[in-house]
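In what follows, a single structure is set out as structure tokens and then discussed.
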Amino acid sequence: MTELDAGQVRRILHEALDLWSQHANINFREVYSTDADIQVLFARRFHGDGYNFDGPGKILAHAFYPGTGIGGDAHFDADERWLLNEPLDAEGTRLFDVAVHEFGHSLGLGHSSQKDAIMFAWHHISYRGKDNIPDDDRLGIQSIYGPRKKIYGKNPERHTPPTTSTTTTTTQAPPPRPTTRSYYPVKNTTGHPWEGLHPNGRPYTTPTTTTTTANPHHNRHGYTTRHHASTTTTAMRHRPHHRPHHRTTTTTTTTTTRAPYHHHRRINIHPNPCNTSFDAITLIRNELFIFKDRWLWRMNENDLHRPNPFEIHRMFFGLPDDFQRIDTVYENKQQKIIFFIGKQYYVFNSQYLEPGYPRPLTDLGLPDSIERIDAALVWSHNNRTYLYSGRLYWRFDEDTNRVELDYPRDMSMWKGIGYNIDAAFQYRDGKTYFFKGLGYWRFNDMRMSIAHENQKSSATRWMKCHERHVQDGFDVDLEEPPVVHEATIGTSRATSTREDANRRIQLFVVCLTVALSLFYRQYV
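Numbering (full-length UniProt numbering), first residue to last: 1 to 524.
Laid out in structure tokens, this is it:
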């Protein structure tokens, strides 16, 4: 990173924050303290939060959703060539454009699918010096903090909102434009940090997890050096006691805001990820979501470590204030996210509850006697949706929005998983998994039975826990090694002929099994 003028950096960061405060009921104040809501860090490579920078290009910055600890903070790659007041055609990256996007994440916004939005992942429009922002961004920030109030005289200071997740930035060609409008993050390609915006089409990525301990996913131990860059911070009520001892050149900025509209009673202690059952587990936008009580773990396919959980209502706005757990959740073929809680279901478009919900389970054609849905999944073998409850299951028609007429059926059709399961889903590997207690079964879709009799440990496979956490009676799911075919030199012709005959018999058996399987699946 070239030498940056700390005063100019501070002014640009103030401008970026001010653009948001012009349109929402939120105020920012710079403070000289390490206790703040937003700290801005310029760092190289490893900098202690678990999301290393990668040198010039690719990842530009990342930010964390509001929360305690590191929550709300924004980190910028010091190896980038940051432009402050240079001409628009200058070589480098405009700090203002990246900062205003990352601060959007710091304030609780995810990505928008509107191409002109500040929060679009591959934004290329600069809003520096402009009073107006796109409606998509304005409505998003106002849904959290409310519209800007016209106050004559001094603005009263208010308190801050909560939540946590990370944002990172990479250079790659933008994907096709999503069809749904949303502040829901698009699929990350660099692990946790999400994709953000870059004036030249580079995405800024942000880790897709939110933590109510402002460490998006890690603590602040081990922060390395800062390189002549100012750090903006905003005052936070609950900072951990372990701030890094060597944050160089920091300037802090405090954000005082009105509490967000979706205020819920908190549970401060999250479940132990290495010793817990799952209420639900599913893929949403190809990211893994695991739900327990009021908490949610969110993991990208490239994650090497488990992120900290965050409260569900920090991401999905519209769930009841007093809910203690969800029963199940899945993403349907229209990319709507369906939550089941007790005798009601909720339909979300991205992070937001659709109008007219919740609705009773009876609207789906389910009997009134059903108290809850244990699990739901879209089974790829016939592309049908299945709902499980107690000893029964239903096949659900997404087109008519009702269960099919010749259901329910007994759960014994799904051999080996028993009754009253906790969760079920299909993973990226195309395999079906059923969960109960602290373990799970992989299901053999061809044979319609569990692939292994003993349950395997959910903690080691899905929560990335060490094998020492495996409870007695559970197996560890080790990755199956690839099949290696070796040729033998000097085999006799007779042996070769016998092997050919055996292969033909095996092929016939396989074909027969597949045919029976396809027939059987139509019946399930």
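Virtual Cβ for every residue (Gly too), placed ideally from N, Cα, C.
Our two residues, R10 and D97, have alpha carbons roughly 14 Å apart in a direct line.
Counting along the chain, L84 sits inside no beta strand (DSSP E), nor does DSSP assign it H or E at all. By the C-beta criterion, the region 280-295 is judged to be in contact with the region 414-428, since at least 3 inter-stretch pairs fall below 8 Å.
A check of alpha carbon separations from K436 across M448, G416 and D429 identifies G416 as the nearest.
D293 has its alpha-carbon roughly 6 Å from the corresponding atom of Q324.
Under the three-state reduction of DSSP output, V9 falls in the helix class. Pairing M315 with S369, the inter-Cα distance amounts to about 31 Å. As a beta-bridge residue in DSSP terms, Q344 pairs with I341 and P360. Bridge pairing for F120: S112 [DSSP]. Comparing alpha carbon positions, the residue from N383, D410 and Y419 closest to D397 is N383. When Cβ pairs closer than 8 Å are counted between the two stretches, the region 60-78 is seen not to touch the region 19-33, the count staying below three.
According to DSSP, residue pairing for E3 in a beta bridge does not occur. One thing to note: V378 has its Cβ within 8 Å of the Cβ of N332. Listed in chain order, the non-local C-beta contacts of M299 below 6 Å within the same chain comprise L288, local neighbours out to five positions each way being set aside. In the DSSP assignment, the residues bridged to L283 are L288.
Below 8 Å, too few C-beta pairs join the region 117-132 and the region 37-56 to call them touching: fewer than three.
Residue state for L353 is assigned as strand, using DSSP reduced to three classes. In the DSSP assignment, the residues bridged to R384 are W379. In the structure shown, G72 falls within a coil segment according to DSSP collapsed to helix, strand and coil. According to the DSSP assignment, H105 belongs to no beta strand (DSSP E) but to the alpha helix (DSSP H) extending over L95 to S106. Within the same chain, M1, R44, F53, G55 and P56 come within 7 Å of D79 by CB-CB distance, once the 5 residues on both sides are set aside. According to the DSSP assignment, G55 belongs to no alpha helix (DSSP H), since it is labelled neither H nor E. Distances from the CA of Y357 to each of Y345, Q351, L366 and G365 were compared; the closest alpha carbon is that of Y345. Here the C-alpha atom of H14 lies approximately 11 Å from the C-alpha atom of N27. For the pair L387 and F120, the Cα-to-Cα distance works out to about 35 Å. The criterion of a C-beta distance shorter than 8 Å is not satisfied by A376 and Y407. Setting aside the 5 residues that flank it on each side, N444 is surrounded in the same chain by I450 and A451, each with a C-beta closer than 8 Å to its C-beta; the list follows chain order. When beta bridges are read from the DSSP output, T432 appears opposite Q426 and F443.
Here T400 carries a coil assignment [DSSP, helix/strand/coil]. In the displayed model, R29 falls within a strand according to three-state DSSP. Looking only at F291, Q334 and R306, the smallest Cα-Cα distance to H313 is reached by F291. With fewer than 16 other beta carbons inside 10 angstroms of its own, G7 counts as exposed. In this structure, DSSP gives H62 an extended state, which the three-state scheme calls strand. According to the DSSP secondary-structure assignment, E331 is paired through a beta bridge with I337. If you ignore the 5 residues before and after G418, its C-beta comes within less than 8 Å of the C-beta of M411 and K436, all in its own chain and listed in chain order.
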